[in-house]
């Protein structure tokens, strides 16, 4: 059942992005930045956690989960360290993704050349 | 010719994209990516014998590496032109943006090329994500205490 919900949730998020992309003049860069902020807002109301509970991977794959992890890590460490914790724990959960993509991008950029 | 006439002329000549077909395509490809994500989570939690919650970072890393490799070999642009948002919105789009920036600016040198431009496209995602997370996190922390 979780696979069906994964399919539906991830599909709907991508379909919304496609509708915005086609009907406005926004570029994919605008869309990804917008969706990260949407993820943050949904998680600050505790909605995104519930979506993840039912949809699993379907909610973790789209870029909205990046915003979710940012605010989640920040609030989690704020429980221990107070307001400073927001700064300390911001990248706690997303660090793996960001660091991995920086390292992979750097070494692939060294090896491969862009096609014209 | 005034501007409005010119704009109308351009609009008529531009190929019209079929919004409905694009949306359905994005829905199915995005949904398929979601199934792959959940499948990877189940796979890793089974292989490494860890709870599903801890397996999510492994899934993210796998998708990032796949997205970056596809970009490096030049397949990603072909997939994007066919799948549109279905492959941009998942985390593979993030990896693609970073790898393509690194490859593009490689020829301008290490510091002013790759170093200055690797975040050219993904910087907006990280910037607005962090700013929004800080503002909303602070609001929630002050109002509800975490």
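Residue numbers (the working numbering), protein chains in the order written: chain A, 1 to 116; chain B, 1 to 146. Even glycine gets a Cβ: it sits at the ideal position worked out from N, Cα and C.
Proximal residues to residue i (C-beta, below 6 Å), its chain only, five neighbours per side dropped
i	result
residue 57/A	6
residue 86/B	26, 29, 30
residue 48/A	42, 68
residue 63/B	91, 92
residue 13/A	62
residue 37/B	59
Close beta carbons around residue i, own chain, < 7 Å, minus the five adjacent residues each side
i	result
residue 44/B	55, 58, 59
residue 44/A	71
residue 80/B	87, 88
residue 31/A	17, 20, 21
residue 112/A	none
residue 81/A	88
residue 120/B	101
residue 51/B	45
residue 93/A	69, 72, 73
8 Å contact criterion, which residue i and residue j should meet: CB distance rounded
i	j	result
residue 129/B	residue 36/A	4 Å
residue 59/A	residue 65/A	6 Å
residue 90/B	residue 28/A	The pair is not a contact, with the Cβ atoms about 12 Å apart (cut-off 8 Å).
residue 163/A	residue 94/B	The shown model of chain A, from 1 to 116, leaves out residue 163/A, and the question about it has no answer.
residue 3/A	residue 35/B	6 Å
residue 104/A	residue 65/B	6 Å
residue 40/A	residue 67/A	4 Å
residue 106/A	residue 114/B	7 Å
residue 114/A	residue 124/B	Not confirmed; about 21 Å, so no contact.
Under the three-state DSSP convention, the category residue i falls into
i	result
residue 57/B	helix
residue 51/B	coil
residue 33/B	helix
residue 143/B	helix
residue 98/B	helix
residue 84/B	coil
residue 105/B	coil
residue 75/B	coil
residue 45/A	coil
residue 69/B	helix
residue 107/A	helix
residue 15/A	helix
residue 121/B	coil
residue 123/A	Residue coverage of chain A in this structure runs from 1 to 116, which leaves residue 123/A outside it and unanswerable.
residue 21/A	helix
residue 22/B	helix
residue 32/A	helix
residue 117/A	This structure cannot settle anything about residue 117/A, because the visible part of chain A is limited to 1 through 116.
residue 11/B	helix
residue 62/B	helix
residue 40/B	helix
residue 26/A	coil
residue 56/A	coil
residue 169/B	No answer is possible for residue 169/B: the residues shown for chain B start at 1 and end at 146.
residue 82/A	coil
Per DSSP, the bridge partner or partners of residue i
i	result
residue 62/A	90/B
Close-in-space but distant-in-sequence residues of the same chain around residue i (CB under 8 Å, 5 per side omitted)
i	result
residue 118/B	98, 101, 102, 105
residue 51/A	9, 42, 59
**Asked** Does the region 74-87 of chain A come close enough to the region 104-114 of chain B to have 3 or more Cβ pairs within less than 8 Å?
**Response** Because the criterion of three Cβ pairs below 8 Å is not met, the region 74-87 of chain A and the region 104-114 of chain B do not touch.
**Request:** Decide yes or no for the touch test of the region 92-100 of chain B against the region 70-82 of chain B: beta carbon pairs closer than 8 Å, at least 3 of them.
**Result:** Judged by Cβ distances under 8 Å, the region 92-100 of chain B makes contact with the region 70-82 of chain B, as three or more pairs qualify.
**Request:** Closer than 9 Å, Cβ to Cβ, to anything on chain D: give me those residues from the region 19-37 of chain A, in chain order.
**Result:** Within the model displayed, chain D is absent; protein chains A and B are what it includes.
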